[in-house]
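Heads up: the sequence shown is residues -15 to 184, going by my numbering. Cβ atoms here follow ideal geometry from the backbone N, Cα and C, with glycine treated the same way. Notes follow once the structure below has been shown.
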Amino acid sequence: MRKVNKFFLFGTLCILFGLLLFSKNLWEDYQVGKETELIKERLEEKKVIEIEKPIDDRPDYVKNPYMEMPKVTIDGNDYIGYVIIPSLELELPILSSWSYPKLKIAPARYEGSVYLNNMILLAHNYTVHFGKLYRLNIGDVIQFKDMNDNLFDFTVEKKEELDEIQVEEMVSGDWDLTLFTCTLGGEARTTIRCKRIENR
């Protein structure tokens, strides 16, 4: 008889424990459901508030010209965009920074930013890179397209040759875009100075 009572008591306790566990799960489920509904309501309110705000659709570089230029990495090299020279039928990717080994791959940024109107680009004088810069004429158009597809138009304002030691002269002046490469002999730099064409 005692064995039956023990089994009965044990069975009753198991049933009670099961009911308690089931009730706890129901309560948690109810609480989570309420919390989920609350979050959904708050999200909807936030969406309405954000939609009602005036939309500032200016490009990021206009809102913050000091921002880093966006980069895309290919084979471990960061690219910031393309230089497009229609009169020379060139469209070249531009590396974010330069080194002599990198210049064997593509033209590169020497310094500056297109957003601050002070970018300087350099390349080897390979024909497929900047080897034909000397053919540019005053008034020719050069374009730069960043990795967000923002297009910047420039016009050639000045052509000059600088000695390789004239580093200070290369970076001086109020030029919006400068391109340079070595002359065939390598002792001078063919340098193209450009001004930005606004509202184009």
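Item, Value
"In the DSSP assignment, find the alpha helix (DSSP H) that holds Glu153 and state where it starts and stops.", "Val151 to Val155"
"Within this structure, are the beta carbons of Ser80 and Ile64 separated by less than 8 Å?", "yes"
"Measuring straight from C-alpha to C-alpha, what distance separates Glu145 and Thr175?", "6 Å"
"Helix, strand or coil for Val16, going by three-state DSSP, please let me know.", "Bear in mind that a pLDDT of 45 at Val16, under 50, signals an unreliable position, so the number given afterwards is only what the model happens to contain. Looking at Val16 - three-state DSSP - the assignment turns out to be helix."
"Contact defined as beta carbons within less than 8 Å: I believe Arg177 pairs with Thr165. What is the distance between those atoms, to the nearest angstrom?", "Between Thr165 and Arg177 the Cβ distance is about 14 Å, and since that is not below 8 Å, they are no contact."
"Can you round the beta-carbon distance between Tyr110 and Tyr45 to whole angstroms, since I take them to be within the 8 Å contact cut?", "30 Å between Cβ atoms; not a contact."
"Relative to the C-alpha of Asn101, which candidate in Asn121, Gly169, Met51 and Tyr118 has its C-alpha closest?", "Met51"
"With DSSP run on the structure shown, which of helix, strand or coil describes Glu143?", "Note on identity: in this sequence residue 143 is Lys, with Glu being the wrong assignment. Correct three-state label for Lys143: strand."
"Can you tell me where the alpha helix (DSSP H) with Leu87 in it begins and where it stops?", "Tyr84 to Leu87"
"Should Asp69 be labelled buried (16 or more other beta-carbon atoms within 10 Å of its own) or exposed?", "It is worth fixing the name first, because residue 69 is Ile in this sequence and not Asp. It counts as buried."
"Nearest to Ile181 by CA position, among Asn61, Asp137, Asp160 and Asp130, is which residue?", "Asp137"
"Given that a residue counts as buried once 16 or more other Cβ atoms are within 10 Å of its Cβ, and exposed if not, what is Gly169?", "exposed"
"Leu157 to Ile39, Cα distance in whole Å?", "The amino acid occupying residue 157 in the given sequence is Gly; Leu does not appear at that position. Going from the Cα of Gly157 to the Cα of Ile39 covers about 37 Å."
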